[in-house]
Structure formats: C-alpha cells, structure tokens
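Q:
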Amino acid sequence: MVHQVHKGVAITPLSPPFFEGKGDSPGVPNEEYAIFLKGVSKTFANGTVANRDVTLGILKGEVHAILGENGAGKTTLMRIISGILKPDSGEIFIDGKPVRIRDPRDASRLGIGMVHQHFTLIPEFTVRENVALVLASSAWLDLKKVDEKIISVSKEMGLEIDPESKIESLPVGKRQLVEILRLLCQDVRILILDEPTSVLTPIEVDSFFKMIRDLKSSGKTIVLITHKMKEALQISDRITVLRGGRVIKTMPTSEANEAILASLVVEGMVPAPSLGRGTPGDTVLKVESLRVKDDRGRTAVDGLSLEVRSGEIVGIAGVAGNGQKELVEAITGLRKVESGVVRLSSEDITNKPTRFIIEKGVSYIPEDRMHRGVVLTMGVHENLALKCIEKPPMSKNRIIDRESMVKNAESLISRFSIKASDPCASVENLSGGNIQKLIVARELSNGGVVLIAEQPTAGLDIKASEAVHNKLVELRSKGVGILLVSSDLDEIMKLSDRICVVFGGKIVGEFVTENLDIERLSRLMLGAK
Amino acid sequence: MGANQLTVSRGTKRSIVKALLSVALTLAVTSVVFLINNVNPVIAFIYLFQGAFGDINLLSETLIRMTPILIVSLGLAVSFKCKIWNIGAEGQLYIGAMLGTIVAIGIGGGFLSLVAALVIGAIGGLLWAAGPALMKVKLGINEVITTFLMNFVGIYLVQWMISYPFRSPDTYFPESAAIPSSSALAVILPGTRLHMGVALALALVPVVYFLLERTTFGFKVKVVGENPEAARYGGMAIGKTIFVSLIFSGLLAGLAGITEVMGIQFRVRGSLSPGYGFTGIVVALLGNNNPLGVALASLFLAAIMNGSSTLAWTMNIPMGIVDLMQGLLFIFVLASEPLVRLLERRGVLKL
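These protein sequences, in sequence, are chains A and B. Residue 654 in the working numbering sits at position 221 of the first sequence; the count goes up by one each step and never skips. Residue 79 in the working numbering sits at position 92 of the second sequence; the count goes up by one each step and never skips.
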C-alpha cells in the first residue's frame, strides 16, 4: 500500500477533532450546508456517551458517508437529526438556519427522512397503502393522487414498482426501495440511510448505488451510514470518520483510500495491556466449514472454520452483523446448521438439541442478556439454577430443593460479588451490571469445557467490565476454552490469545495477539482485502 | 431461609393491590347501577353478603357454588402461568362430566364407581384439551381460537348424547340417567347439600401450589410463560411444557364437571354449568394465577352469584346483575395493570 506512512498514526494518542482542506472545515453554518451540526453531544441514561461535541456539515446535493465501527455514534447522530433522539447540547442548522427538531414530524417538515436498519413498512399492506398511510393529511383518502405521486417519484428513482403489490411479497432489497420511495413521496430533500446495503445482495448493491447517483443528480442530499470502507469510497463525495462519538476527520472521498480510512478508524488505539496468555492444550471446540442462515433465510455464516483449544481465549473480531450471532447460535444449538460440523472435543454436536449441548459442557453468555440470559420476573436463585434445575442438588425426582437453590445463590452472590438485596430478589430489581454478573456466575460455575462469551461487557461500566474480564481469565487458567465474540476491539485485544477476524460470514484473517498489526486487522474488519 | 418465604415480594404486593383495585372498581360501578335503579347500594351489598353467607345453609350453598369454579380456575392458573390461554374449560368440563357419568352408571354404584367416574371425568377433560394442545405445539395454531371453538363442539356433543344415546328413559327432558346414589359424593354437613367435592377442591389448592412452586414442571411453566427465549436458551422442552400445562387445565376442568355431577346434580343436563369454565378465567386472572389468590377469588365470585339471588327477590334487582358484575370484574382485572402503572407514575401509589 502506498499509504504506509499512516501506520505510525495507530499508536499516537487520540487527537481532538481537526479539520483541514477545502470543504471539510465547516467553521460557520451557511446556506451551502443542507445540515450543519455544531457541538452536538449526547449521553444516554445508562452513562454511555454516544456523541461528544460533534461539529459536522453536510453539503447540499452531496452523498456524505459517515464511517465508523460499532458504537462510534453514527446511528445516534442520525437519530438526533431525524428527531428520534434529543441532543443534550449543541445546535442544528438546516440550510443555514437554526432549527429545533423535537420529533420525527418536525424532521419531516424540514425535508429530512431516515431509512432505518429495521423497516417500518406494514407487510400486509400494499405499496400504495403504505405510502397513503404517511401522506394522508385529511380524513379523506385520495388514492388516485397517491398513485400519481408514486408513479412520478418512482420514475425519478428509476424504479419499477406496482403500487398494488403487497410488501410481504417483495424481496428485501425492493422493500428498502419502497421505504425510500415513501420518504420521497413526502418531498424529503435530505435522505439518511442507515447501513442500507446490509440487507442487499451484491447485485442489488450495484443497482442501489445507481439509484443513489440518480437521486443525487436530481438534487437530493444523501447521508449514508456505513461501516464498509469500500462502499464509502465507491459512492460518496465526502467521508466523515467517527470514533468514540467524536468526529475524527471529514475529507473529500477523492483524497481518501482504504489505508487512510483504516488508520483513522483505529486512530489512537493502543493494544491494551493484555491480561497474560494462556497455555493452550487440546482442541475442545472445532467448527468446520459451517454454513448457517439468518432469520431472513440468507446465508449468514458462509463456510466458516475455527478451533478453540483448552486454556485459550479465541477472539472473534468483527463488525456486528457479519455472522457472529448466527455462528454462536449454531454452536449452542439455537439455530439450525445447514452444512458443516461442530465438534466438541471429539464428539459431533451439530444440530443437537440445546439441552444436550449444555450437558456436554458448553456454557454461553448471550449478548441479549435481558431477553435471553435471564427471566426478569423470577428470583436470583431461580435464574442461577436456570440450566441445572433438572439435576441434583437443585431437584430430586422432579421436586425442587429450594434450600439448595438458595445456598447456591448465596455462594455465587458472594463469589461473584453480585449486588442483590437477597438471594430470592427478583432479577428486575438488579442493575444491568449485576444481571450480567449473575449470568457470568451461572455460566462459569457449571463446570463447562467451552465458554462462548458474546459481547460480555457491552453496556457495563469499567468496574463491572474488569470483573467480567478477570473471571474469564481465571476460567482460562483452569483450562476452559473460551470463544470471545465482541465488536469491542479493545476487549478482544486485551483478552485473546488468538484473534480471528470475521467478515461476511467467513474468517478473513487470523492473528496472534503478540505483535498485532491493528491497521491490518481493522482493514479486514471493514471488508478490505 | 424461612424469613425469605414470608416476606411479601414487590410483585406479590402489586398483584394484591391490582386485585383489590379491580374489586373496588367493580363494586363502585355496580353501586352506580343500583343508584340509577333507586336502590341504596349499601343496603344492596348487605343483602348480597347475607345472601351469600347469612346462615349455615346459605354459606354451604356458596361453598357448593365455589367448588367447580375453584377446581376449574386452579387448572387455568397453571396454563395461564405458562401464558397459554385455555378459553375452552367449559367444553372440557361438559365432556368430563359426560364421560364420568357414563362410567359411574356403567359400573353401577359404590366407591369404585365414584373413583372411576372422577378419574375418567378428569381424563375426559384432559383429552378434550389435548387436541388444541397438539395443534398448538405441532402446528403453532393459536390455542385461544382452538380451545374456544372446541367449547361448542364439546357442549353440543354432550347435548346430543343426553338427547339420544344416553338419554334417561324415565324423563321427558334431554338429560342423562341419574348416577347410582351409592356412588355420589358424601354430604359432609348434615342438613345441607355440602358434599365432599368442596374438600377435594380445597385440597387441590396446596397441590397446585406445590406443583407450581416446588416441582421442576412448575419452574419450567414459569420460565416458558415469562420468557420463552430464556427457556430455549436454558435447554428446556418448551413444546412439552406448553402441552402438559394445557392438558392439565383440561384435566381439572373435566374434574370440575364430574364433581358437579357426583356432588349436586347427579345427572348431566344441558344446564349443568352456568359458564363455570368462563368464570374460571376471571377467577384465575383475579387471583393472579396464585392458588391461594384463586381460592379467595372463587369464593368471591361464588358469593356474588349466590348473593345476587337474594338481592333479586328482596330488592327487585334483576338476576342479570351477576353477569354485569362478572363482566365488570373481567374488564377491571384486565385494566388493573395499566391503572396501577398510571397511579405509580402519578405518585399516588408507591409499590
């Protein structure tokens, strides 16, 4: 790569936002800018800082890509613009004029529309009905007018669509176009697209980009949220890189390339002091050319192979949505394996029931801890016995031994310093961090041979994260093989003995954590070759 | 350890408040109806209370009324805990009553006949619930619809059976032959109709409590009901749990039906149940699916049903007041959760 110069950047500390060159120094809001954000900050109730002092200008009629990792604050920022979230501080200017966007209706009046990752169309309704739903300004519904609008807008988009086709009968790619069509029917001038290509096949992506260009030439302003460098480079006029909620840099796309962007995305990232290394033994978990589909029926895990040995932490690094969730669910028996093999030590556990896999010693800390990991309305003691209720000492002959449950809870509460008013307290009264400690306690105390930890510290404060990390390392020293799935690169680097990078359902690179090339890792995560 | 069991958790406190609130609102709206009819509500409720508990006879009649309601609603509580909505208890009750009666008459008298009738009656209810349970688990068909529709099939099937094949030869009405008197449930309070069925129903309260709170089945019912995703993650057999909880509620509905026959009616008629299967739904919800709460709620509903007949002839209030109160109770029980939440937000209630 020509831009090897930038490699050094990776170990400099995080620098404040800086702007340079023409078109990327938005000092003053003026009419050139369709949107101008000045000092916008947002902190969530749970303490997560999503945006810090963001100053950013979107020029009229440009395609502007917002690039960054998970948790960089891209989506939050766009939700502020589209009126879904309120900023804590900062100003928003539309066409150079200061505005207050209190709700999505305000945004719509200002000509701003957002297409979310999760679609908002009603599947049982036709295209016409879905459009009519947002156009209806009076009680009287003039379907002819709606049809005229659909036809004129779809011509502008270069889209062929039958207003009478039902949404549920359309392929996902087309649904997204209807989503955009519906916004354009509302005379939206500024389109915000949140990871629009994540639902598209490669062929669809090409025609989607053609449509973006058409819209641009008809004068629309387009903001594209993405974590794929390739796409940002391919379609945008300018690129803004966000990291940790800050604007790192805004630059014209013509001056950017993959190396520059990768270094910006990971800028200031220093490998965290690692928590020692394990002493790997025999292979305990082996995944061979695994193929798994996601909920929509698309191939999410695409011929993936990996190995975890005992006493080793293998980190799966990658941007969320690259098959990690499906991989984990396939291993734990929660999702059907299409082809390939999952082996535990030497036993084939492919497509075995979850119960069987749990009993063979696979523990699992799920990402969605509130919905999957615990039953909120039940007690701490009951949640700690969730997976072993049918075995002694928790129950004998199907009769529950409540005393054992409480004793078990008391000992885990003190060993894992879970803060609970009493061992039978309802889990809904616990804080998020303590719920996670409870899950960790349960999964670590059942004597498994393999632990799958999925985003184990997401949303936790530093102290709780440390506690979880220390427990994982402790478990590794006891000879358990750990598969750590996380989109937090710091966490991966801190804990892992080996790092596998997943992109598009495949392992695209493997690193030993000593002498790690963070830039190359980051490039692989973002889909570069 | 003992202390833990005795402390009332926030959830329990909340559900007690919800139940009391629904009862209070029901009485309030009923009072308005009384006022419109120029009846003093205070006096009306006194009559209602007297009609239900006024003397030993009235009290025993109320307990008799409570018996089938309690048995049905204990079963429904289990399926509702699993978030499985069995709306078909009425049909299951009739099928159970019919099958049990056939067995009692077939065996012909004696203790064996009684036990066999109760067992077969309960199994009849179970089988009637098994169809919808199977459709739910195997095909994913909504149990609300299937159990509800099976009511009609069950009730009309029983109507046909007592009109033709099992019609009593010595009456002019479509009704079954009477069970042998030696196989009837014994009267436990001489001079009244109070029979062993009430003891059976009350004995079921701790049994169902034990089932829900002390067995792995009850544990799984709660996990599946509260969070099926966690149940899947925990490796629990969700389908099996749903199936068993639904047929269990059918089992008790069938038992309620045959108990009513063996204790009070002694034969199957079209009027065997004035909708106990539906009343059980209100009762289970009002009692928050807690066996003890369900026991209190079924006594309350039985009292309303019996007390209102006294009310009807003393104060000239139509008997329809029962349906009114039951309907109001249903609405307020459903509305109590958002209501309590509203009161909490306004700072009126602190739970």
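C-beta: ideal position from N, C-alpha, C; glycine also.
Would you give the residue range spanned by the alpha helix (DSSP H) that B:L239 belongs to?
A: Where B:L239 is concerned, the enclosing alpha helix (DSSP H) stretches over 225 to 247.
Q: I'd like to know whether the C-beta of B:F206 is nearer than 7 Å to at least one C-beta of chain A.
A: Residue contact check for B:F206 against chain A: a CB pair falls below 7 Å.
Q: Report back the beta-carbon spacing between B:A64 and B:P325 to the nearest angstrom; my notes put them in contact at under 8 Å.
A: At roughly 22 Å, the Cβ-Cβ gap does not stay under 8 Å, so B:A64 and B:P325 are not in contact.
Q: Starting from the C-beta of B:G96, find all residues in its chain whose C-beta is less than 7 Å away, skip the five residues before and the five after it, and write them out in chain order.
A: P167, S169, S170
Q: Just the Cα atoms here: how many angstroms apart are A:L844 and A:L767?
A: Note on residue identity: the sequence assigns Ser, not Leu, to residue 844 of chain A. Linking A:S844 to A:L767 through their CA atoms gives a straight-line distance of about 30 Å.
Q: Could you name the residues of the segment 185 to 211 of chain B whose beta carbon sits closer than 7 Å to any beta carbon of chain A, in the order they occur along the chain?
A: R201, T202, T203, F204, F206, K209, V210
Q: Check the C-beta distance from B:V140 over to B:G78 and give it rounded, since I have them as a contact under 8 Å.
A: 7 Å
Q: For a contact meaning CB atoms closer than 8 Å, what does B:A217 contact in chain A?
A: Going along chain A in sequence order, the residues near B:A217 (Cβ under 8 Å) are H804, R805, G806, V807, V808, L819.
Q: Whose CA, out of B:V10, B:G62, B:S150, B:A31, lies closest to the CA of B:L80?
A: B:G62
Q: Quick check: is the beta carbon of B:G178 nearer than 7 Å to any beta carbon in chain A?
A: no
Q: What runs of the alpha helix (DSSP H), each 4 residues or longer, lie entirely inside the segment 604 to 663 of chain A?
A: Segments of the alpha helix (DSSP H) lying fully in the segment 604 to 663 of chain A: 605 to 618, 635 to 650.
Q: Name the two residues that bound the continuous beta strand (DSSP E) containing A:T476.
A: 466 to 476
Q: Between B:L101 and B:D157, what straight-line distance do the alpha-carbon atoms span, to the nearest angstrom?
A: 23 Å
Q: Cutting at 8 Å between CB atoms, please list the residues of its own chain near B:V20, excluding the five before and the five after it.
A: In its chain, beyond the 5 residues on either side, I308, L311 have a beta carbon closer than 8 Å to the beta carbon of B:V20.
Q: Which residue or residues does DSSP assign as beta-bridge partners of A:D781?
A: A:R776
Q: What does the Cβ neighbour count give for A:Q888, buried or exposed, with the cut at 16 atoms within 10 Å?
A: buried
Q: Evaluate A:D930 with the Cβ neighbour count: other Cβ atoms within 10 Å of its Cβ, from every protein chain shown; 16 or more gives buried, anything less gives exposed.
A: buried
Q: Can you confirm whether B:E394, when its beta carbon is compared against all beta carbons of chain A, has any partner nearer than 7 Å?
A: No answer is possible for residue 394 of chain B: it lies beyond the span of chain B, which begins at -12 and ends at 338.
Q: Could you tell me whether the Cβ atoms of A:V934 and A:A750 are closer together than 7 Å?
A: Yes, the pair counts as a contact, with Cβ atoms nearer than the cut-off.
Q: Quick one: is B:N276 buried, meaning 16 or more other Cβ sit within 10 Å of its Cβ, or exposed?
A: buried
Q: Suppose you measure from the CA of A:S859 to the CA of A:T810; what does that come to, to the nearest Å?
A: 6 Å
Q: Tell me whether A:W573 is buried or exposed, calling it buried when 16 or more other Cβ atoms sit within 10 Å of its Cβ.
A: exposed
Q: Can you name the residues of chain A whose CB is closer than 8 Å to the CB of B:R(-3)?
A: S859, N862
Q: Do you know offhand how far B:G334's Cα is from B:K5's?
A: The alpha-carbon atoms of B:G334 and B:K5 are separated by roughly 16 Å.
Q: Taking any Cβ of chain A, which residues in the segment 312 to 336 of chain B have a Cβ under 9 Å from it, in chain order?
A: none
Q: Name the chain B residues that come within less than 7 Å of A:K823, Cβ to Cβ?
A: Contrary to the premise, residue 823 of chain A reads as Glu rather than Lys in this sequence. Chain B residues near A:E823: T203.
Q: Taking a contact to mean a Cβ-Cβ separation below 7 Å, would you say A:G544 touches A:V621 in this structure?
A: Contact: yes.
Q: Buried or exposed for A:A692, please, with buried defined as at least 16 other CB atoms from any protein chain shown within 10 angstroms of its CB.
A: buried
Q: Ignoring anything shorter than 4 residues or poking outside the segment 830 to 906 of chain A, list the alpha helix (DSSP H) runs there in chain order.
A: The segment 830 to 906 of chain A contains these whole alpha helix (DSSP H) runs: 835 to 848, 865 to 877.
Q: Name the DSSP bridge partner or partners of A:H497?
A: A:V656, A:R671
Q: Among B:T297, B:I234, B:F253, which one has its Cα closest to the Cα of B:A76?
A: B:I234
Q: For B:Y81, would you say it is in contact with chain A, using Cβ-to-Cβ distances shorter than 7 Å as the test?
A: no
Q: Can you pull the DSSP bridge partners for A:M511?
A: Beta-bridge pairing links A:M511 to no other residue.
Q: For B:L113 versus B:L238, is the C-beta distance shorter than 7 Å?
A: yes
Q: For B:T134, which residues of its own chain have a beta-carbon under 6 Å away from its beta-carbon, when the five flanking residues on both sides are left out?
A: The answer, listed in chain order, is N73, I74, G75, P119.
Q: Alpha carbons only, please: which of A:S910, A:E943, A:G730, A:G914 is nearest the one belonging to A:M926?
A: A:E943
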